[in-house]
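Participant: Residue numbers (this note's numbering), protein chains in the order written: chain A, 17 to 215; chain B, 328 to 740.
Backbone N, C-alpha and C define an ideal beta-carbon position, used for all residues, glycine too.
Starting off with a structure, shown below.
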């Protein structure tokens with residue numbers, strides 16, 4: 017469904033955003049959102065933290081759009097911004113945001129390291145998607161109601177007519193299958209997570 | 328339940344208490360911290376369970392919906408030019424204004440010719456009511472045709488339940504909208520209703536699934552009084568703005584129930600989004616403009632049955648020609664497209680014919696031309712809730728002349 021933006025297309029949107037085009041800002045936001053969110057969750061282990069980081073970064077970029085410089089790889093730059101926002105939320109020097117290299121330096125990661133992190137993050141996301149794809153439609157629906165809509169089993173019964181016991185068993189089996197599929201990926205994230213928190 | 332089953336990832340992620348812990352509940356946090364210290368290896372498993380929980384939540388997050396939220400944030404912060412003049416909050420005000428008969432403000436028309444532009448600013452003043460040579464603006468009026476062919480005229484009906492049909496009660500609200508209240512039982516048969524506005528009319532309707540529909544003048548929508556469980560399909564003419572409610576598909580697939588808008592050989596498929604369709608037969612193209620979300624536009628050539636498809640992103644417009652050819656335009660002025668719903672005429676670089684078509688529909692008048700019309704483009708905004716003479720006065724500033732003969736305006740250079 018999503019159009020495929022090349023690195024050059026994104027650079028084009030970036031340039032438009034620098035010129036004050038709100039639409040370009042929103043295109044960059046929407047197009048990169050899911051990958052950035054997954055990355056943010058892998059770094060912070062919290063969807064809320066990751067969402068806030070994305071909004072803070074884009075708000076900041078928009079406030080500063082007049083002063084922004086061209087960047088060579090918009091996506092990598094955004095990844096680095098999210099990483100910085102999550103690990104160094106108290107950075108107050110606004111100027112640092114404006115230059116691509118400075119963002120990389122301030123997170124003590126090189127451009128190449130960010131590219132690798134991007135790749136790993138996207139692989140993890142693909143694994144999650146693939147694991148979700150293996151679930152049945154009913155499992156997916158119940159997982160959605162349970163974890164995304166925050167419903168308890170009673171509410172699920174009211175909404176879907178699926179009994180508490182059946183919903184419980186369905187979700188139990190779904191999670192077991194997801195955990196099985198993602199065993200390796202979760203372990204990797206876990207190690208990453210400890211590593212970054214400790215530095 | 329023994330500890331092995333409880334303290335597995337699947338055991339934790341089906342436990343209400345642990346899920347609350349994941350959601351950040353303080354009491355549960357204290358409880359689980361205690362458990363982590365007591366049970367060996369539990370902290371590791373819990374970390375992985377929470378990771379899985381968060382990854383799933385992230386994956387189920389809809390980027391398009393988050394983008395809408397973000398757009399509202401930057402608009403509230405006074406961003407320079409909002410991409411979309413979000414009508415939602417202003418809606419009530421506009422419809423109220425339409426009822427009271429206020430003229431909204433100061434309007435300007437720029438006249439562009441040979442690259443030189445002359446801009447004329449005209450201060451609109453409150454107008455006294457209609458002269459003989461004038462026409463009143465359109466109002467909220469429509470006709471509802473029920474499945475059995477009976478007709479309800481909606482401007483004369485009182486409020487409350489107008490009629491019942493199958494398992495649905497049809498209700499007219501105090502502010503004049505129509506909505507359907509179903510008793511939740513499966514309907515035994517599909518009953519189709521048609522809501523249509525005349526020239527000089529507009530109306531708002533809430534479909535049985537909660538989808539909001541605005542009909543411009545000389546437009547119609549045909550829809551079932553209760554949607555079937557596999558898809559929601561409506562047929563339109565004229566110009567209609569939709570705010571489609573996302574409805575989860577209970578029929579089996581677990582995704583979102585498709586909402587399909589059909590006009591002749593073109594259809595627009597959506598799941599939950601805001602978009603406008605301008606499908607007047609006297610306009611060259613059918614124009615589908617997306618404000619939020621994502622839509623699929625499909626056409627089929629009536630003769631060759633050749634199909635075309637386009638996916639629209641917000642801010643884009645699909646223009647579907649009579650042969651089914653789709654062109655997607657990215658440089659759309661959304662304020663202009665949505666002006667009718669916001670109670671305005673809004674033209675940018677429009678020719679006189681296009682302007683007169685809109686005037687004809689809104690003031691319920693036929694249009695004819697005398698002599699050769701100069702090739703000019705007009706830009707400007709004016710409230711739709713004003714006497715015709717006020718609109719014509721502005722156009723006359725650019726040496727176009729108008730004469731009224733009964734239900735006809737004659738346009739001359």
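Residue 192(A) touches chain B at which residues, Cβ-Cβ below 8 Å?
Facilitator: 335, 336, 337
Participant: For residue 28(A), go through chain B and note every residue whose CB falls closer than 8 Å to its CB, in chain order.
Facilitator: Under the 8 Å cutoff, chain B gives no residues; its nearest Cβ is about 12 Å from residue 28(A).
Participant: Assuming the contact rule is C-beta atoms closer than 8 Å, residue 530(B) and residue 524(B) should be a hit. Round their C-beta distance to whole Å, please.
Facilitator: 5 Å
Participant: Quick one: any contact between the stretch 654 to 662 of chain B and the stretch 679 to 694 of chain B, if contact means 3 or more CB pairs under 8 Å?
Facilitator: no
Participant: Chain A partners of residue 398(B), CB-CB under 7 Å?
Facilitator: 42
Participant: Take residue 33(A) and list the residues in its own chain whose beta-carbon comes closer than 7 Å to its own, dropping the five residues that flank it on each side.
Facilitator: Contacts found: 40, 41, 44, 81.
Participant: So, using beta-carbon positions, are residue 595(B) and residue 584(B) closer together than 8 Å?
Facilitator: Their beta carbons are not under 8 Å apart, which means residue 595(B) does not touch residue 584(B) by this criterion.
Participant: So for residue 667(B), helix, strand or coil by DSSP?
Facilitator: In the three-state reduction of the DSSP assignment, residue 667(B) falls in the coil class, being assigned neither a helical nor a strand state.
Participant: Based on the DSSP output, what are the partners of residue 728(B) in its beta bridges?
Facilitator: Partner(s): 739(B).
Participant: At what residues does the alpha helix (DSSP H) containing residue 25(A) begin and finish?
Facilitator: Going by DSSP, residue 25(A) is part of the alpha helix (DSSP H) stretching over 23 to 34.
Participant: Taking the continuous beta strand (DSSP E) assigned at residue 590(B), which residues delimit it?
Facilitator: 586 to 590
Participant: Rounded to a whole number of angstroms, what is the C-alpha to C-alpha distance between residue 191(A) and residue 177(A)?
Facilitator: 21 Å
Participant: When you compare only the Cα positions, how much space is there between residue 147(A) and residue 679(B)?
Facilitator: 58 Å
Participant: Compare the beta carbon distance of residue 626(B) and residue 604(B) with 8 Å and say whether it is the shorter of the two.
Facilitator: Cβ distance not < 8 Å, so residue 626(B) and residue 604(B) don't count as in contact.
Participant: Going by beta carbon distance, what residues of the same chain come within less than 6 Å of residue 395(B), once the five residues before and after it are set aside?
Facilitator: Closer than 6 Å at Cβ, skipping near neighbours: 619.
Participant: Straight-line CA distance for residue 644(B) to residue 656(B)?
Facilitator: 5 Å
Participant: For chain A, check one thing: does any of its Cβ atoms lie closer than 8 Å to the Cβ of residue 565(B)?
Facilitator: Not one chain A Cβ lies under 8 Å of residue 565(B).
Participant: I'd like to know whether the C-beta atoms of residue 565(B) and residue 552(B) end up nearer to each other than 8 Å.
Facilitator: no
Participant: Taking only beta-carbon atoms, is residue 39(A) less than 8 Å away from chain B?
Facilitator: Yes, contact with chain B.
Participant: Using the beta-carbon of each residue, which ones in chain A are nearer than 7 Å to residue 391(B)?
Facilitator: 46
Participant: Going by DSSP, what residues sit across from residue 616(B) in a beta bridge?
Facilitator: Beta-bridge pairing by DSSP links residue 616(B) to 603(B), 644(B).
Participant: Contact defined as beta carbons within less than 8 Å: I believe residue 334(B) pairs with residue 163(A). What is the distance between those atoms, to the nearest angstrom?
Facilitator: Contact doesn't hold; Cβ gap of about 19 Å is too wide.
Participant: CA-CA distance, residue 201(A) and residue 140(A)?
Facilitator: 6 Å
Participant: With a threshold of 16 other CB atoms inside 10 Å of the CB of residue 155(A), please say whether the residue is buried or exposed.
Facilitator: Counting other Cβ atoms within 10 Å of its Cβ, residue 155(A) reaches 16 or more and is therefore classed as buried.
Participant: Against chain B, with Cβ distances strictly below 8 Å, would residue 145(A) count as a contact?
Facilitator: yes
Participant: Please classify residue 448(B): does DSSP put it in a helix, a strand, or coil?
Facilitator: Any reading at residue 448(B) must be qualified, since the residue scores a pLDDT of 25, below 50, and its modelled position is unreliable; no value is offered.
Participant: What are the complete beta strand (DSSP E) segments, minimum 3 residues, inside the stretch 522 to 584 of chain B?
Facilitator: Runs of the beta strand (DSSP E) inside the stretch 522 to 584 of chain B: 528 to 533, 539 to 542, 547 to 551, 559 to 570.
Participant: Quick check on residue 338(B): does DSSP put it in helix, strand or coil?
Facilitator: Three-state DSSP puts residue 338(B) in a helix.
Participant: For a cutoff of 8 Å on Cβ pairs, would you count residue 68(A) as touching chain B?
Facilitator: So no, residue 68(A) is outside the interface.
Participant: Check whether chain B comes within 8 Å of residue 25(A), counting only Cβ atoms and requiring the distance to be less than that.
Facilitator: no
Participant: Ordered along the chain, which non-local residues of its own chain (more than five positions away) have a Cβ less than 7 Å from that of residue 355(B)?
Facilitator: 344, 347, 348
Participant: Could you list the residues in the stretch 514 to 545 of chain B with a C-beta less than 8 Å from some C-beta on chain A, going in chain order?
Facilitator: none
Participant: Cα separation between residue 143(A) and residue 537(B)?
Facilitator: 36 Å
Participant: So if DSSP puts residue 192(A) in a beta bridge, which residue, or which two residues, is it bridged to?
Facilitator: Bridge partners of residue 192(A): none, in fact.
Participant: According to DSSP, residue 480(B) sits in a beta bridge with which residue or residues?
Facilitator: 470(B)
Participant: So, under 8 Å CB-CB, residue 749(B) and residue 667(B) are touching, yes? Tell me the CB distance rounded to an integer number of Å.
Facilitator: Only positions 328 to 740 of chain B appear in this structure, which leaves residue 749(B) out of reach.
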